[in-house]
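Mapped onto the working numbering, the consecutive letters of the sequence shown carry residue numbers -5 to 178. The beta-carbon is built from N, C-alpha and C at its ideal position, and this holds for glycine as well. On a predicted model such as this, the values are computed, not experimentally measured, just so you know. To keep things clear, I will list the structure first and then write my remarks on it.
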Amino acid sequence: MEEIDIYLDTAKEMMDAAIQHTKDEFSKIRAGKAMPSMLDGIEVEYYGSMTPLNQVAGVTTPDARTISVKPWEKGMLQEIERAIINSNLGFNPQNDGEQIRINIPPLTEERRLHLMKQVKAEAEKGKVSIRNARKETNDSLKKLDGVSEDLIKNAEDEVQQLTDTYTGKIDTLVEAKEKDIMTV
């Protein structure tokens, strides 16, 4: 019985990780408002190693449509600007010699629909991770020796309930993100 609980806990942890990863990916999908987290995936070369942008510069949002990036070292301006341009986020940074400003344009209907496709793709990846956790757990349960078939069947039912719950959580995240993106 204790072995079964360990497998169920492991499945829950894997599903929690899938939810957290999906939330992280959703936070990178911009919804029209400027947020420092939009630049979280960007890394710049800093003394020969790739370093996250927020470790070489202060990233702030002075207003709802602007992101300001002020490097700790002035010499990093060009490198940061290049990294933002090469990030394929669709931003057009303006370098004033002291800091970099990024104006976030309002979203067009076409762009909103494109972002929703991204959200749904990320959600599907999250659901696939949850289903993979279910499959791994069920496979492990079937390999247990000396455990009755009834206990294994009950554990598999419990894993399915976890799967349904976590899939529902992803659907809730999608609804919230859709509301965020589609609100003009």
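For residue 89, which residues of its own chain have a beta-carbon under 7 angstroms away from its beta-carbon, when the five flanking residues on both sides are left out?
-> The beta carbon of residue 89 sits closer than 7 angstroms to the beta carbons of 71 and 75 from its chain, once the five residues preceding and following it are set aside; these are given in chain order.
If you count every other CB in all the chains shown that lies within 10 Å of the CB of residue 140, and 16 or more means buried, which is it?
-> Answer is exposed; the Cβ neighbour count stays below 16.
Does the distance from the C-beta atom of residue 94 to that of residue 79 stay below 8 angstroms?
-> no
Distance CB(residue 121)-CB(residue 161) smaller than 8 angstroms | yes
Using a Cβ-Cβ cut-off of 7 angstroms (strictly less than) and excluding sequence neighbours within five positions of residue 9, which residues of its own chain qualify?
-> 124, 127, 156 and 160
Between residue 164 and residue 115, which are expected to be in contact by the criterion C-beta below 8 angstroms, what is the C-beta distance as a whole number of angstroms?
-> Going by Cβ atoms, the distance from residue 164 to residue 115 rounds to 12 angstroms, so no, they are not a contact pair.
Since residue 81 and residue 23 are thought to touch, with beta carbons under 8 angstroms apart, how far apart are those beta carbons, to the nearest angstrom?
-> In fact, because the Cβ distance is near 14 angstroms, the residues do not count as touching under 8 angstroms.
So which of 113, 28, 145 and 63 has the shortest CA-CA distance to residue 47?
-> Looking from the CA of residue 47, the closest CA among 113, 28, 145 and 63 belongs to 63.
Can you name the start and end residues of the beta strand (DSSP E) that residue 57 belongs to?
-> 51 to 57
With DSSP run on the structure shown, which of helix, strand or coil describes residue 141?
-> coil
Closest residue to residue 53 among 31, 41 and 39 (Cα-Cα distance) = 31
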